[in-house]
Every structure is written in structure tokens, then in C-alpha cells.
Amino acid sequence: MNDASNSGRPEGEPASLWVATAGTTNYPVLPSDLEVDVAVIGAGIAGLTAALALKRTGRTVAVIEAARVGTGVTGHTTGKVTSLHRLAYSELLRSHGAETAFIYGQANQSAVEHVAQLVAEEAIDCDFRSVANYTFAETDDALHLVRAEANLAARLGLPAAFTADVPLPFPVKGAVRFDGQAQIHAVKYLHGLARAVDGGSSFVFEQTQAQRIHDGSPAVVDTENGTVRAHDVIVATNVPSGSQGLFSLRCHPHRSYIVAGRADSPPLDATFISVDEPMRSILTASVNGTSYVLTGGEGHRVSESGGSAARYGRLAAFAQDRLRVDNVAYRWSTQDGMPLDGLPYVGPMSPVSKHVHVITGLRKWGLSNGTAAALILTDTLSGRTNPWASVFNSNRITPSASAGRFMKENVKTVAAVLAGKLRGRPSYSELSPGEGTVITVKGESTAVYKDADGQGHAVSATCTHLGCTVGFNAADATWDCPCHGSRFSTDGTVIQGPAAKNLPPAPLP
Ligand SMILES: Cc1cc2nc3c(=O)[nH]c(=O)nc-3n(C[C@H](O)[C@H](O)[C@H](O)COP(=O)(O)OP(=O)(O)OC[C@H]3O[C@@H](n4cnc5c(N)ncnc54)[C@H](O)[C@@H]3O)c2cc1C
Ligand code: FES
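In the working numbering, the protein residues as written are 19 to 527.
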């Protein structure tokens, strides 16, 4: 959990290629109290897609974003917009049956088409590329799996085929190929959505954190600048804060890492993910005239975090050995909610919620799942029946698919937290610049960090969500909570929930 001992800085600028190359937005802070038809909290793909779809039905919307548009998980994605989610259909067939696998496929393939349609209709300049997406096999066991996935996906009506012809620069045995998929510059895409949302009695507000939500008629969102009253509220904050709906128990955060290296050749019309472990995800892109190869992987539960410098190193080595990319320009990591039963949660925040709706558990495929989720809620709020809604229902009970998993995942979290507490840590005086650790100061568990100039910074080490102890992530210089994945900057500011409050300042030793 603690990277302080790992002083080797990974190669590359520690920033997302997408965030670093998109420019920034400058929407205002919520200036005063406001009334709209729908308040949407969170300007990621789920929130902005829902806001635009609802505005197009004639409703007024207000998007409330704590930071800047596109700087959350979506700004740190790989950028594949696809209904091919590695081996998802075989897994869903096993756990839920053919009907659910079919609906999941329909929802995600419709989402791919919806993104392409919005790019065209709103003239969004987001480096959209139509590509084929491949799940590839390097071993005989994996080959058997991709053949089965290709057959099943084709039977489910998806644009799937098995192929032995895979345009990678290293030998593979075969792959599932989905045609008509896409890739985008996710932040430029979100900037385009925000532009389309803002205006005509609808609004985008930045640097405005939703602090409390009250269900009712109207529903009310409190921020420190004023309240937003609305008929409905959509919570699209990736992971909802607080304990309503118990999503932090039903969904565990999973982190992955990406390195982007500059390439000599133009991008391929294809994106890739491996079946064999360690899993590798590959995408090529041209951004502002420069070609890049992105290599992703090294995923792990947040509660088992640590060694992130080594993880970046392994991705860089793969890019060099297998993809002939011998430099890393950018490196970043992010995390997404993995639902216990493999399906996103979309619908009422809790069984008793009337006007507060949630989108979460996008299982690392949120560019399509988040788009589909937004379309589901648009139908729900418009009184239309949505054919995918019951499969994604936020209050579903699927004991056979999730009960065992629930126990296993939460036991794993507890075990990892205990292991972290027992692990030895360096003292404050032993820290080098760029390192952090958790120590006891005046009886309080304190997260201390030395910046590049050797200046010390201290905040409480007690996560403001449910009280676990945060650990230092040296590669990203963040304080990360092993329990449900909240992340904080070194000054204690929340980067990612479910925590809603910052870590308060604490005295240095
Ligand atoms: C490494 C990695 C690679 C991935 N690659 C892909 C891929 O190639 N294709 C794919 O489909 N999916 C991919 N995913 C998953 C996908 O990126 C996510 O599922 C998706 O971006 C999540 O979108 P979101 O709208 O839920 O969250 P976000 O983009 O995080 O948006 C939520 C927003 O809410 C804001 N917010 C939070 N709390 C508050 C508050 N209290 N008040 C106001 N605002 C608040 C945040 O600041 C943030 O901007 C990947 C995931 C990972 C981890
Ligand atoms: S994220 Fe839940 S206790 Fe920290």
C-alpha cells in the first residue's frame, strides 16, 4: 500500500494524454440558487451524455461539476468506444444467461452508435475514428476462449467474427473482431458535449461541489454557493458519495495504469485487448499532429495497491519489446467501480428514492456503459419504457450471481487493509523528497508528505468516507484509501469519491 520505499520515478509526464492535450474549460461556479428540470452531478461521460439527452427532450438541465469538465475517470480512460468488452458475453452467459448477455450487447452497441451520432450532429472535434476492436489470444487456451466469444457475440446479433488475421506487430493465434467500433479523444468529446448542454436555460457549472442531496418534490442539491432545485437529480459522480444505496459494498474500485509513447507511424484502424495475463490494452492515436501508442494494464483492486512505479515500468517494457515504442511521454492511472455481478447500476439511488437517480459500476467500460446508462435514465425521466433498464437496475437483487462475490470481495478488502496496517513504514525523517508515509503525530494517524523541495505537508490519514487509513501512492503522489477507493491530493483535496470531504490539515511531527 505504501510506495515510499519505491523511490524510482517512472518515465514520462505524470498526466493523462487526454487531459494534457485538450485545453481547459472555463464554466462559471454556480452563482446563486437556481431551479431547473434536472440537476446532473458530475461532468464525466455519464453525466454529460444524460444532460444533453435530457436537454434534447426539452428539459432545462444544470450540470454541477466539482472540478473541470472531463478531468475525472473519463479524462484518464484509454478511449475505446466499443461493445466488445474482452470476454464479457461468455461471462454474462455463464452468470446471468443469454437474455442478459443479449441486452448488455444491445445497450452497448447502441451506445457506440449514439456516440458516433452525437459527434456528427454536434460537430464535435474529438479525433473520432471508426476502428475494429480485437480481443486477442496468444495461447491455445485463450484461442479457445476467443473463438467461443466470437461465436456467442455473433449469435447475440453483434458485429462479431473470429479472425486469425490481427494487425499487431507481434504474433498472436487469433482474435474476436468487432467491426464498426470507435475511439475518441475523451476529453475533447466531453468538451463538445458540455458546449452543447450549456445555453438556452441549461447550464454547466464547474468548481461547484454537490454537498448534500435531498430527495423530494422538488429535489434539492446543496452546494456551498447555493442550492439547485430540480424535479430530478442524476448522481453521475462515478461513485456516489455517502452510504445511500450501499454502492461501496456492491462495487469495488479497480485501478489500471496507462503509458503513452510517441510513435513514428500513423495510428491503426484497430484497438486491442489481450485475453492472456498480464492483460494488456492497446490503442494508437494521433493527437494534435503527434502519433501515440497507449499501453494499458496492471489492473488491481485498490485495496491491494502499491508498487505503482514498477507497474508503469512493466507497461513501458511491454510497449518497447512488443510495440517498438521506446519512450514514454505520458503516464497515468485511474480507477472505476467493478459491480459484484458484472452489470452497471442505473436507476433510483435506493429502493425508496423517488427523484434521485444514480449511474455507477461502469466496470471499466464506461464510455459505452455510461452512454447507455444516460440513455436509460433519459427514458425513465421521460416516462418511456427502456428495454435495457431492468438488466442495469440499480436496486436489482441477483443473489446467485453476486452473493459469493460479495463475501469474497469484502473479505479481500478487510485482509488488504489489515496487511497495510501491519506493514512497517519509514519515519518522517527518513522520507526523501516526493515520498509520503503515515505516522502517528500527537496520537492521531497522520499522512505526511515531503514535496520536491523537501517541504513537509501533513493531513489527517483517516479517510473521510468511513474512516479507513489512507496510504501513499508514490507514482501519482496521492493519498489513496484501500477500502472503497477514495483518492486525495497531497493537500487533502478529494480527487475521487466516495469520500465527499477533504482530509483536514494536521500538524507535522
Ligand atoms: C485505466 C482505465 C482505462 C479505461 N479505458 C476505457 C475504455 O477504453 N473504454 C471504455 O469504455 N471505458 C474505459 N474505462 C472506463 C471509463 O473510463 C469509465 O467507466 C468512465 O469514464 C466513467 O465515467 P463517469 O462519468 O462515471 O465518471 P467521471 O468521468 O469520473 O465523471 C464524474 C465526475 O463527477 C465529478 N464529481 C465527483 N463528486 C462530485 C460532487 N460531489 N459534486 C460535483 N461533481 C462531482 C468528478 O469531478 C468527475 O468529473 C477505463 C477505466 C480505467 C480505470
Ligand atoms: S473510501 Fe471508504 S473508507 Fe475510504
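Just so it is clear, CB atoms sit at the ideal spot from N, CA and C, and this is done for glycine as well. Bear in mind that the values here come from a model prediction, so they are computed numbers and not experimental data.
Check, Outcome
"Ser321 beta carbon less than 8 Å from that of Pro516", "no"
"Expected contact under 8 Å - CB spacing of Thr396 and Ile276 to nearest Å", "Not quite, the Cβ-Cβ distance comes to about 30 Å (not below 8 Å), so this is no contact."
"Cβ-based neighbour list, Asn24, same chain, cut-off 6 Å, excluding 5 preceding and 5 following", "Here the model assigns Asn24 a pLDDT of 41, short of 50, so the residue's position is not dependable, and the following value carries that caveat. Excluding sequence neighbours, Asn24 sits near Ala327 and Ala492."
"For Val293, three-class secondary structure by DSSP", "coil"
"Span of the alpha helix (DSSP H) around Ser117", "According to the sequence as given, residue 117 is Glu; it is not Ser. Run containing Glu117: Ala116 to Glu139, per the alpha helix (DSSP H) assignment."
"Backbone CA spacing between Ala392 and His318 [nearest angstrom]", "27 Å"
"For Lys191, the three-state DSSP class (helix, strand or coil)", "coil"
"His270: CB within 7 Å of a non-hydrogen atom of ligand 2", "no"
"Distance between Asp233 and Asn374 (C-alpha atoms, nearest Å)", "A small correction: the amino acid at residue 374 is Val; Asn does not occupy that position in the sequence shown. Straight-line Cα distance between these residues: approximately 6 Å."
"Where Thr112 sits in the DSSP three-state scheme", "This sequence places Arg at residue 112; Thr is not what is there. The answer is helix: DSSP assigns Arg112 an H, G or I state."
"Cut-off 7 Å between Cβ atoms - residues of its own chain near Pro522, not counting five sequence neighbours on either side", "Val477, Ser478 and Gly510"
"Sheet register partners of Ala506 (DSSP bridge)", "At residue 506 the sequence reads Phe, which differs from the Ala that was named. DSSP, once it has assigned bridges, lists Trp497 and Val512 as partnering Phe506."
"Beta-carbon proximity check, Ala69 vs Val79, cutoff 8 Å", "yes"
"CA-to-CA distance, Tyr45 to Leu35, given in whole angstroms", "22 Å"
"Contact test: Gly244 Cβ vs ligand 1 heavy atom, cutoff 7 Å", "no"
"Gln353, buried or exposed, once every other Cβ within 10 Å from all chains shown has been counted against 16", "buried"
"CB contact flag (Ser351, Ser274, <8 Å)", "yes"
"For Leu267 and Pro285, the rounded distance between their alpha carbons", "40 Å"
"Cβ neighbour criterion (16 or more within 10 Å) applied to Ile415", "exposed"
"Beta-carbon proximity of Ala254 to Gly485, cut-off 8 Å", "no"
"Bridge-paired residues (DSSP) for Ile142", "Answer by DSSP bridge pairing: none, since Ile142 is not bridged."
"Assumed close pair Glu224, Val87 - CB separation to whole angstroms, cut-off 8 Å", "7 Å"
"Check: Asp145 C-beta below 7 Å from any heavy atom of ligand 1", "no"
"Segments assigned beta strand (DSSP E), at least 3 residues, entirely inside the region 230-259", "230-232, 237-241 and 244-253"
"Cβ shell of Ser386 (< 7 Å), same chain only, five flanking positions each side left out", "Val99, Thr100, Ser101, Asn126, Ala129 and Val130"
"Three-state secondary structure assigned by DSSP to Leu174", "coil"
"Helix, strand or coil at Thr153 [DSSP, three-state]", "strand"
"Whether His103 touches Cys144 by CB criterion (8 Å)", "no"
"Spatial distance of Thr43 from Ala61 (CA atoms)", "11 Å"
"Alpha carbon of Thr378 to alpha carbon of Ile394, nearest angstrom", "13 Å"
"Residues near ligand 2, criterion Cβ-heavy atom distance below 5 Å", "Cys481, His483, Leu484, Cys486, Cys499, Cys501, His502 and Ser504"
"Where the alpha helix (DSSP H) containing Ala518 begins and where it ends", "Here Ala518 belongs to no alpha helix (DSSP H), and DSSP marks it neither H nor E."
"Contacting residues, own chain, Cβ-Cβ under 7 Å from Val215 (five flanking each side not counted)", "Leu66, Ala69, Leu70, Lys73, Val79, Val81 and Val222"
"Own chain partners of Val93 with C-beta closer than 6 Å, once the 5 adjacent residues on each side are dropped", "Going by the sequence as given, residue 93 is Gly instead of Val. Hits under 6 Å: Ser34, Trp36, Val37 and Val205."
"Closer than 7 Å: Pro94 CB and nearest ligand 1 heavy atom", "Strictly speaking, residue 94 in this sequence is His, with Pro absent from that position. His94 Cβ: within cutoff of ligand 1."
"Neighbourhood of Ala22 by C-beta distance below 8 Å, restricted to the same chain and skipping five residues each side", "With a pLDDT of 36 at Ala22, under the threshold of 50, the modelled position of this residue cannot be trusted; read the value that follows with caution. Excluding sequence neighbours, Ala22 sits near Arg443, Pro444, Leu449, Glu453, Gly454, Thr455, Phe490 and Ala492."
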